[in-house]
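For what it's worth, the working numbering labels the leading residue of the sequence shown as 3, then goes sequentially. Just so it is clear, CB atoms sit at the ideal spot from N, CA and C, and this is done for glycine as well. What you are looking at is a predicted structure, and each value in this text was computed from that prediction instead of being measured. Quick notes on the structure that follows.
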Amino acid sequence: MKKTLLASVLIGLGLTAVHAHAADNELNLYSARHYQTDEALYQDFTKQTGIKINRIEAKEDELLERIRNEGANSPADVFITVDASRLAKADELGIFAPVKSKVLEERIPAHLRTDNWFSYSTRARLIVYNKETVKPEQVQTYASLASPELKGKVCTRSGSHPYNISLGAALINHEGAEKTEKWARDLVANFARTPKGGDTDQIKAVAAGECGVAIANSYYLARLMNSTKEEDKAVVAKVGAVWPNQKTWGTHINISGAGMLKHAPNKAAAVKFLEYLASDSAQKYFADGNNEWPVVKTVKVTNPALDALGDFKADALPVGDLAKTAAEAQRIYDRAGFR
Ligand SMILES: [Fe+2]
């Protein structure tokens, strides 16, 4: 009853567009990140700025579809997701608006941002091996995963998953398409089984001895390392991890990131939120909540698993460039039978 009354008063004042639109103290966030710690992050933003966050969580593709269908009427202010090639794909759809911000330029390294979207945390794609059946010397590079001595030992998730496509995109950038295609074919020839499951499943299969070696994102391993469950501890005890390509271009990294939408009704709030994500306190939540690394170099997190994994040389390739070869990586994988 009260709501109806309020609505009619607003209509009377010509303020009908308030719902999701043009409310200075609201932000509509479309999120394809689903980490529990993000909740605390958003509450902190509201506390600091008085801006309330309306969050819509769904799968990446659903959100993109929704943003496109909503078109110019979309209430979405900020889109947040993981993986550089996904952000680049969103960018190609033309949904973002460029954001010029001194804060973001100062705090986020140049290779981890584009004009239209920004990275807030990094994760590394590392090699996990079974300590009984594989020696770390055998798996020092991504290229080594395709060597004949690992025949029948390699496990990975699907080649069509963005994490592997981004890795392929990095390989094309550094080593060329031809070499990457040969690599993909030889990698497939080394598979212990047809790709299935996520990265954690690969790590568990390595521990169980079903595979000798697997590719996995760092946070999946870190999550197991930080787990207090006996079964996870048993998995961690059986495996070792290598930062690939330390002597050459570095370990492939990927990101979590966000951008402001072209039709954002609350653009000022959107920029505030993007800047907030690069603040010291937000960086800690944002990165460490999923066992990732902050992009702001001066921010240090204390995380037993990340501390144990130590420092490494990360690929310095601009994240925006990964996207340029992502489609080619997918075609190469298709031809190589990496599905
Ligand atoms: Fe993931």
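Whole-angstrom distance between residue j and residue i, CA atom to CA atom
{"i": "residue 96", "j": "residue 324", "result": "18 Å"}
{"i": "residue 214", "j": "residue 132", "result": "5 Å"}
{"i": "residue 170", "j": "residue 52", "result": "43 Å"}
{"i": "residue 78", "j": "residue 27", "result": "14 Å"}
{"i": "residue 255", "j": "residue 245", "result": "11 Å"}
{"i": "residue 264", "j": "residue 88", "result": "17 Å"}
{"i": "residue 239", "j": "residue 71", "result": "48 Å"}
{"i": "residue 116", "j": "residue 306", "result": "31 Å"}
{"i": "residue 141", "j": "residue 74", "result": "50 Å"}
{"i": "residue 327", "j": "residue 320", "result": "12 Å"}
{"i": "residue 147", "j": "residue 300", "result": "34 Å"}
{"i": "residue 290", "j": "residue 36", "result": "14 Å"}
{"i": "residue 334", "j": "residue 268", "result": "41 Å"}
{"i": "residue 31", "j": "residue 69", "result": "11 Å"}
{"i": "residue 223", "j": "residue 47", "result": "29 Å"}
{"i": "residue 163", "j": "residue 183", "result": "17 Å"}
{"i": "residue 309", "j": "residue 230", "result": "17 Å"}
{"i": "residue 273", "j": "residue 130", "result": "39 Å"}
{"i": "residue 312", "j": "residue 228", "result": "14 Å"}
{"i": "residue 39", "j": "residue 150", "result": "43 Å"}
{"i": "residue 67", "j": "residue 283", "result": "32 Å"}
{"i": "residue 45", "j": "residue 91", "result": "29 Å"}
{"i": "residue 266", "j": "residue 76", "result": "7 Å"}
{"i": "residue 138", "j": "residue 211", "result": "16 Å"}
{"i": "residue 235", "j": "residue 41", "result": "28 Å"}
{"i": "residue 50", "j": "residue 153", "result": "55 Å"}
Close Cβ partners of residue i (< 7 Å) along its chain, the five nearest in sequence each way excluded
{"i": "residue 225", "result": "293"}
{"i": "residue 5", "result": "Confidence in residue 5 is poor, its pLDDT being 41 and thus under 50, which makes the residue's placement too unreliable to answer from."}
{"i": "residue 340", "result": "161, 186, 189, 190"}
{"i": "residue 21", "result": "The pLDDT assigned to residue 21 is 46, lower than 50, so where the model puts this residue is not dependable, and the model offers no usable value."}
{"i": "residue 302", "result": "none"}
{"i": "residue 247", "result": "143, 144, 253"}
{"i": "residue 343", "result": "Past the boundaries of the shown model lies residue 343; the chain is included only from 3 to 341, so the question cannot be answered."}
{"i": "residue 179", "result": "330, 334"}
{"i": "residue 343", "result": "Lying before the first or after the last residue shown, residue 343 is absent from the chain, which here runs from 3 to 341."}
{"i": "residue 175", "result": "319, 323, 327"}
{"i": "residue 338", "result": "183, 186, 187, 190"}
8 Å contact criterion, which residue i and residue j should meet: CB distance rounded
{"i": "residue 122", "j": "residue 259", "result": "6 Å"}
{"i": "residue 144", "j": "residue 85", "result": "About 18 Å separates the two Cβ atoms, so there is no contact after all."}
{"i": "residue 114", "j": "residue 217", "result": "22 Å between Cβ atoms; not a contact."}
{"i": "residue 288", "j": "residue 43", "result": "6 Å"}
{"i": "residue 158", "j": "residue 197", "result": "6 Å"}
Neighbourhood of residue i by C-beta, 6 Å cutoff - its chain only, sequence neighbours within 5 removed
{"i": "residue 118", "result": "93, 98, 100, 261"}
{"i": "residue 237", "result": "206, 209, 226"}
{"i": "residue 332", "result": "167"}
{"i": "residue 220", "result": "125, 126, 128"}
{"i": "residue 65", "result": "32, 34"}
{"i": "residue 314", "result": "245, 253"}
{"i": "residue 285", "result": "296, 298, 301"}
{"i": "residue 58", "result": "32"}
{"i": "residue 1", "result": "The question about residue 1 has no answer, for the chain in this structure spans 3 to 341."}
Spatial neighbours of residue i in its chain, beta-carbon cut-off 8 Å, leaving aside the 5 residues before and after
{"i": "residue 181", "result": "173"}
{"i": "residue 155", "result": "135, 136, 192, 194, 213, 214, 215"}
{"i": "residue 280", "result": "105, 106, 109, 110, 120, 122, 297, 298"}
{"i": "residue 62", "result": "34, 83, 88"}
Closer than 6 Å: residue i CB and nearest ligand 2 heavy atom
{"i": "residue 95", "result": "Questions concerning ligand 2 fall outside what the structure shown contains, since the ligands it does hold are ligand 1."}
Is the region 193-211 touching the region 104-115 in the sense that three or more CB pairs, one from each, lie closer than 8 Å? At 8 Å Cβ cutoff, the stretches do not touch.
Taking only runs of the beta strand (DSSP E) that begin and end inside the region 133-173, which ones reach a length of at least 3 residues, in chain order? If only uninterrupted beta strand (DSSP E) runs of at least 3 residues are considered, none is enclosed by the region 133-173.
Along the chain, which unbroken stretches of the alpha helix (DSSP H) at least 4 residues long are found entirely within the region 97-135? Taking only runs of at least 4 residues, the alpha helix (DSSP H) segments lying wholly in the region 97-135 are 104-109.
Could you tell me which whole beta strand (DSSP E) segments of length 3 or greater appear in the region 186-241? You should have 215-219.
Completely contained beta strand (DSSP E) runs for the region 252-278, where each covers 3 or more residues: Correct list: 255-262.
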